[in-house]
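Below is one structure; the comments refer to it alone.
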Amino acid sequence: MNLSNQYYQLGKNFYHETLPSPVSEPELLLWNAPLANALGIKLSRQEDNELLAQYFSGNQLIQGSKPIAQAYSGHQFGHFNPQLGDGRAHLLGDITDIQGQAWDVQLKGSGTSYFSRSGDGRCAIGPALREFIMSESMFALGVPTTRCLAVVATGDAVYRERPYPGAVVTRIAASHIRVGTFQFFAVRKDIESLKKLTCFAIERHFPEIKVATSEGENSAEALVSGQNVLDFFAAVLKKQVTLVVSWLRVGFIHGVMNTDNTAISGETIDYGPCAMMNHYHRDTVFSSIDRNARYAFGNQSKIMQWNMARLADCLLPLVDEGEDTALAKITPLLQQFANDLQYRYFEMMVNKLGIAELVEGDIELVNDLLAIMQKQQLDYTQHFVALAESLTQEKVDNFIENTAEAEQSEQELWLTRWYSRISDDVTAAKALMEKTNPLVIPRNHHVERVLAISEETGDLSALYEFLAVLQQPYDTLKQTKAYQDAPSDGDENYHTFCGT
Ligand code: AMP
Ligand code: MG
């Protein structure tokens, strides 16, 4: 295993060079073998257990690694903080997979850095295991996400409201460039670094954006000016549409969509206070620090628009020297983003109902169902599964025929409309629903139960069983049923915290 250091090449004002702080007794708890394979990592848990624990605790440096703590700013709950940065994470370097795509390898909970402020640079075992479970589940659900390669117990205590065992998580991401990374240089009016960062982001994530340089023109300079920057911004927006629409499809609530937790790559990052929605309600919030419900389930599209507007602010000086001209050029992209989000959201929602193509009237069909679900507190995951399970051509045809005259409840009226819409090919509708609607999601009460068992007993077999089900969320396995139930109390008193 050998790491390169692409981000390191950007120069000293992008990071602080910092070594991970050693831990007492590293012990490998979780190893993501499929991810390791995909990255071309040859080490295996059976043969190299101790070496893996040394590497992924930060005790021993992987060959080629030059650890850094990345600098970034961020709007946290709408308030700008010019100096955040990795306070408890080390970017070890990057690894290139068989397809030639580079991936960041980052340790989290690996000690303090220049950016730690009053934090201890550490991570407790619960949030570390939680990040592994949530991100693997999201990956299997088809949601773009950062992933965990390993969780290593440190043997050291981490002090929160009481001592907890500590752990280090290894996070794999297409990159850790955030909206906040752009803000870091924009607020310092460091245009040269902003250009370097944009150039890096284009080459890493959107190599299809090519420069049309005229003779004698510097290609690096041309890459990050004018139309290329607009193309870059449009490409980032496209990724975020897919991201947010995927969250809304599975009922994911990120919980802390600050600009420092919004990756340019469009991957879900920062699994601190995230949670899954049970019964449908657009205002659902579980995070104890989100007092104004800024990051509620149904607000996530709006917040992503706000975050992308902050990225647009940063890119203005690269788009055009004249601020008004730059604004006039970038604003239509944000407008288009709002439209795309709206369109792709409804397209996804009709897919959840087995409808392949959005036509007039479908938006009302979706909104009316959601209104019923909200009023009747119907479970978001279970209800779509139940709708799909109940489908047969015969049932649909009979229902339309026999209930036309009868007095119908609100729900039956809706069913009649939906059945009429899909009656042409019920088999195809059902197949589309089965692809779009997961049977199982990482329900908060199951995540917490499995974490409690793992933490208290040190026995991870319950976690492995849960993970195996989550890794096939569209298939019925023997154990699937055991994880499909909604919480008996509706998670009424469930609160998540920032994973510190
Ligand atoms: P987060 O809420 O996880 O997105 O973190 C916000 C900021 O706080 C980032 O700059 C983190 O690096 C920093 N931070 C969070 N937890 C700790 C910790 N235990 N020690 C040092 N810095 C931390
Ligand atoms: Mg963060």
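Mind the numbering: the sequence shown is residues 662 to 1161 in this note's numbering, read in order.
The beta-carbon is built from N, C-alpha and C at its ideal position, and this holds for glycine as well.
Three-state secondary structure (DSSP) of residue i
i	result
L1121	coil
V812	strand
L1048	helix
F913	strand
F741	strand
P695	helix
T1053	coil
I786	helix
K1139	coil
M1034	helix
T757	strand
R865	helix
H1106	helix
L972	helix
N707	Residue identity check: residue 707 is Gln in the sequence provided, not Asn. Three-state DSSP puts Q707 in a helix.
V1111	helix
M938	coil
K1096	helix
G959	helix
Residue i: CB within 7 Å of a non-hydrogen atom of the ligand MG
i	result
D1150	no
N960	no
N742	no
D755	no
D921	yes
Cβ-heavy atom distance, residue i to the ligand AMP, below 7 Å
i	result
R1104	no
V1179	With the chain covering 662 to 1161 only, the question about residue 1179 has no answer from this structure.
A750	yes
G620	No answer is possible for residue 620: it lies beyond the span of the chain, which begins at 662 and ends at 1161.
C809	no
G827	no
G739	no
Neighbourhood of residue i by C-beta, 6 Å cutoff - its chain only, sequence neighbours within 5 removed
i	result
Q737	N919
I1083	G1015, A1090
G827	R783, T815, D817, V819
S962	V905, L1002
A862	I838, I925
Residues near residue i by beta carbon distance below 7 Å, same chain, minus five either side
i	result
E984	L977
C1159	V917, G933, P934, I950
L1031	Y941
V812	L690, L691, A789, L790, F793, A828, V830
L898	M969, L994, F998
W908	V804, H915, Q961
is_contact[residue i, chain C] using C-beta, thresh 8 Å
i	result
D931	The structure shown has no chain C; it contains just one protein chain.
Nearest-angstrom Cα separation, counted from residue j out to residue i
i	j	result
E1117	A1123	12 Å
H1044	M937	15 Å
L988	T1141	51 Å
T1097	R910	8 Å
F845	S854	10 Å
S798	Y1041	17 Å
N1105	D1152	8 Å
A750	V1046	39 Å
E1068	L1074	9 Å
K900	T1064	44 Å
Check: residue i C-beta below 7 Å from any heavy atom of the ligand SAM
i	result
S705	You won't find the ligand SAM in this model; what it holds is the ligand AMP and the ligand MG.
Legend entry - Cβ contact (3+ pairs, closer than 8 Å) linking the stretch 902-922 and the stretch 886-893: no
Legend entry - Inter-stretch contact (C-beta, 8 Å, three-pair minimum) for the stretch 750-758 and the stretch 690-706: yes
Legend entry - Given 8 Å, three or more beta-carbon pairs between the stretch 1024-1033 and the stretch 1056-1065: no
Inset, instruction - Check whether the stretch 841-851 touches the stretch 802-813, taking contact to mean three or more Cβ pairs, one atom from each stretch, closer than 8 Å. - result: no
Inset, instruction - Examine the Cβ distances between the stretch 815-823 and the stretch 947-962 and report whether three or more of them are shorter than 8 Å. - result: no
Inset, instruction - Could you tell me whether the stretch 711-731 touches the stretch 745-755, using the rule of 3 or more Cβ pairs below 8 Å? - result: yes
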